[in-house]
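There are 2 protein chains.
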Amino acid sequence: MVDVDEIDKKILVELRKNGRITFTELSKKLGLSVASIKNRVDKLERLGAIKGYSALVEPAFLDEYLQTLIELELLADDPQAERALQEIGKLENVLGIYRKTGEFQIMIRANFRNMDELKSFLRFLSQRYLRKNLRRWRVAIILDVIKDNGVQISKGSQRR
Amino acid sequence: MVDVDEIDKKILVELRKNGRITFTELSKKLGLSVASIKNRVDKLERLGAIKGYSALVEPAFLDEYLQTLIELELLADDPQAERALQEIGKLENVLGIYRKTGEFQIMIRANFRNMDELKSFLRFLSQRYLRKNLRRWRVAIILDVIKDNGVQISKGSQRR
DNA sequence: GCTGAAATTCTGGAGTG
DNA sequence: CACTCCAGAATTTCAGC
């Protein structure tokens, strides 16, 4: 990775741990002026090293009582499916979509208000988007989140 | 969820999409004064609705060329293992740890610089932490991230 | 590239209806 | 709850090194 030095990497590590840290704090931690920190963060965003920022929201507060990991086995990687996944990614309750190795090539992380919503999502997936391509799926329920996106979640946080 | 109304939920949704949005911008989007937005965000953090903030970092910029999903099958949920998972969560390259249903009860999302680092992490898991408890694991390589933590990632971003 | 300093914008508290 | 007010911080821009 050209254009990115050790200080930049430290900035990335800090921002992954705390996405709302101020440039002022960063400048104290790393011993650079605020202006330099800003220049570097701007550069990192421009280079695509930082894709965005996100708050880690406890799903229950959005009435998302069901956290799931859904794996999909597709028959082929056609561009159709690729586009379908982009579309699915626009849904607010879909937190992550990953292409991966293994029996199931796609992993979706999605939250739902209840079983009915999950069921209609699965119906939606097969009917609307991945009609011929989707061979089977597997759903796991997330029982507890210990760490998420680089942020350690306090124990027993799933209580309501 | 008592204490959380529709406006609060909109705030959570916005912050999940953009964790660094200013209160001023939020106030424009939602038609409330800046002070009210701040009061609400403070409340949401206090209530634990917001667990933290994170930047989405393209792993290659941290020399993390190997993105993985590691599943663990544990023999029992003893408190030992619970503590071990907390410890593992302190590692910077471990982005997520989830307890879940299914054959494998734990899913870890972790990034590595190379195969050797992955191998020593797996050795570490079984030797150091989960000695008697760990029955087996399964590793999948993440090939592409389409959406992550509520933030859509531009297509073909995994190129290098 | 980094810096300090000025201009602008945002945040955090106190207080009001 | 939501609002205004305002002091103090943080951010942004820029000239100079």
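Just so you know, the protein sequences line up as chains A and B, in that order.
With the UniProt record's numbering, the residue at position 129 of the first sequence is 129, and numbering never jumps.
With the UniProt record's numbering, the residue at position 126 of the second sequence is 126, and numbering never jumps.
Every residue, glycine too, gets a C-beta built ideally from N, C-alpha and C.
Please read these numbers as outputs of a predicted model, since none were measured by experiment.
- request: Within the same chain, show all residues whose beta-carbon is closer than 7 Å to that of V34/A, passing over the 5 residues directly before and after it, in chain order.
  value: Reading the first sequence from its first residue, position 34 is the one you call residue 34/A. Hits under 7 Å: F23, T24 and S27.
Note to self: Rounding to the nearest angstrom, what Cα-Cα distance links D77/B and L122/B in this structure?
What the structure shows: Locating residue 77/B in the second sequence gives position 77, where the first residue counts as 1. Locating residue 122/B in the second sequence gives position 122, where the first residue counts as 1. Distance between the alpha carbons of D77/B and L122/B is about 19 Å.
- Message: Taking the straight line between their C-alpha atoms, what separation do you get for D8/A and R40/A?
- Response: Counting from one through the first sequence, the residue named residue 8/A turns up at place 8. Counting from one through the first sequence, the residue named residue 40/A turns up at place 40. Straight-line measurement puts the Cα of R40/A at about 7 Å from the Cα of D8/A.
Which stretch, first to last residue, makes up the beta strand (DSSP E) that contains I112/A? Here the question's residue 112/A lines up with position 112 in the first sequence. Note that residue 112/A corresponds to Phe in the displayed sequence, not to Ile. Run containing F112/A: I106 to F112, per the beta strand (DSSP E) assignment.
**Report entry** Per-residue DSSP class, three states only, for L30/B
**Finding:** Here residue 30/B refers to the residue found at position 30 when the second sequence is read from its first residue. L30/B falls in the helix class under three-state DSSP.
CA-to-CA distance, I142/B to R113/B, given in whole angstroms:
In the second sequence, the residue the question calls residue 113/B occupies position 113. In the second sequence, the residue the question calls residue 142/B occupies position 142. Whole-angstrom Cα-Cα distance: 14 Å.
- Quick one: complete beta strand (DSSP E) runs, 3+ long, within the stretch 115-143 of chain A? none
I need the straight-line Cα distance from M107/A to E87/B, nearest angstrom please. As a position in the first sequence, residue 107/A is number 107, starting the count at 1. As a position in the second sequence, residue 87/B is number 87, starting the count at 1. Each residue's alpha carbon lies about 26 Å from the other.
| message | Which residue marks the beginning of the beta strand (DSSP E) containing I21/A, and which one marks its end? | response | By 1-based counting over the first sequence, the position of residue 21/A is 21. Neither: I21/A is in no beta strand (DSSP E) and is coded neither H nor E.
Is the shortest distance between the beta-carbon of G31/B and the beta-carbons of chain A less than 7 Å? For this step, residue 31/B is matched to residue 31 along the second sequence. Chain A contact via Cβ: absent.
Open item on the list: Which residues in chain B have a C-beta closer than 8 Å to the C-beta of T22/A? List them in chain order.
Closed with: Position 22 of the first sequence, counted from the first residue, corresponds to residue 22/A. At a C-beta separation below 8 Å, T22/A has no neighbours in chain B, since its nearest C-beta there lies roughly 10 Å away.
Does the beta carbon of F61/A come closer than 7 Å to any beta carbon on chain B?
Along the first sequence, one-based indexing puts residue 61/A at 61. Cβ-Cβ to chain B under 7 Å: yes for F61/A.
**Item:** Reference V57/A, options E92/A, I11/A and Q105/A, closest by Cα
**Value:** Counting from 1 along the first sequence, the entry for residue 57/A is found at position 57. Closest by alpha carbon: E92/A.
Practice task
Tell me whether S54/A is buried or exposed, calling it buried when 16 or more other Cβ atoms sit within 10 Å of its Cβ.
Solution key: Position 54 of the first sequence, counted from the start, is the residue given in the question as residue 54/A. Classification of S54/A: buried, given that the 10 Å Cβ count is 16 or more.
Q) Shortest alpha-carbon distance to I146/A belongs to which of R109/B, N133/B, S126/B and R131/B? A) Within the first sequence, numbered from 1, the residue matching residue 146/A stands at position 146. Taking only the C-alpha atoms, the option nearest I146/A is R109/B.
At the level of alpha carbons, what is the spacing between L125/A and K119/A? In the first sequence, counting from the first residue as 1, residue 125/A sits at position 125. In the first sequence, counting from the first residue as 1, residue 119/A sits at position 119. Taking the straight line joining both Cα atoms gives about 10 Å.
- Task: Spell out whether any CB of chain A is found under 7 Å from the CB atom of S54/B.
- Result: For the purposes of this step, residue 54/B is identified with residue 54 of the second sequence, where counting begins at 1. For S54/B, the answer is yes, since a Cβ of chain A falls inside 7 Å of its Cβ.
**Extent of the continuous beta strand (DSSP E) to which A81/A belongs** = Residue 81/A sits at position 81 when you count from the first residue of the first sequence. Where A81/A is concerned, there is no enclosing beta strand (DSSP E), although the alpha helix (DSSP H) it sits in stretches over P79 to I88.
Q. Taking the C-alpha atoms as reference points, what is the distance between A84/B and W137/B?
A. Along the second sequence, read from residue 1 onward, the residue named residue 84/B stands at position 84. Along the second sequence, read from residue 1 onward, the residue named residue 137/B stands at position 137. If I take the Cα positions, the gap works out to 16 Å.
Query raised in the report: Where residue 230/A and D3/B are concerned, what is the direct C-alpha to C-alpha distance, given to the nearest angstrom?
Result: Because chain A here runs from 1 to 160, residue 230/A falls outside it and cannot be looked at.
Mapping the DSSP letters down to three states, classify E14/B as helix, strand or coil.
Residue 14/B sits at position 14 when you count from the first residue of the second sequence. Here E14/B sits in helix by DSSP.
- Task: Determine whether the Cβ of R99/A lies closer than 7 Å to any Cβ atom of chain B.
- Result: Counting from 1 along the first sequence, the entry for residue 99/A is found at position 99. Yes - at least one Cβ of chain B is within 7 Å of the one on R99/A.
For the stretch 139-154 of chain B, enumerate the residues whose C-beta is nearer than 9 Å to any C-beta of chain A, in chain order.
-> Per Cβ criterion, the list reads V139, A140, I141, I142, L143, D144, V145, I146, K147, D148, N149, G150, V151, Q152, I153 and S154.
Anticipated Cβ contact below 8 Å, A140/B with G96/A, distance rounded: Position 140 of the second sequence, counting from 1, holds the residue named residue 140/B. Position 96 of the first sequence, counting from 1, holds the residue named residue 96/A. A140/B to G96/A, Cβ: 14 Å. No contact.
Look at the alpha carbon of I50/B and the alpha carbon of R16/B, and state the distance between them as a whole number of angstroms. Here residue 50/B refers to the residue found at position 50 of the second sequence. Here residue 16/B refers to the residue found at position 16 of the second sequence. Rounded to the nearest whole angstrom, the C-alpha separation of I50/B and R16/B is 9 Å.
| message | Do L74/A and A81/A count as a contact pair if the criterion is CB distance below 7 Å? | response | Locating residue 81/A in the first sequence gives position 81, counting from the first residue. Locating residue 74/A in the first sequence gives position 74, counting from the first residue. For A81/A and L74/A, yes; Cβs fall inside 7 Å.
**Item:** Reduced DSSP secondary structure (H/G/I, E/B, other) of L72/A
**Value:** In the first sequence, counting from the first residue as 1, residue 72/A sits at position 72. Here L72/A sits in strand by DSSP.
Contact check, N111/A vs E45/A, beta carbons under 7 Å:
Taking the first residue of the first sequence as 1, we reach residue 111/A at position 111. Taking the first residue of the first sequence as 1, we reach residue 45/A at position 45. Cβ distance not < 7 Å, so N111/A and E45/A don't count as in contact.
I50/A in three-state terms, based on DSSP | As a working mapping, residue 50/A is identified with position 50 in the first sequence. I50/A: strand per DSSP, three-state reduction.
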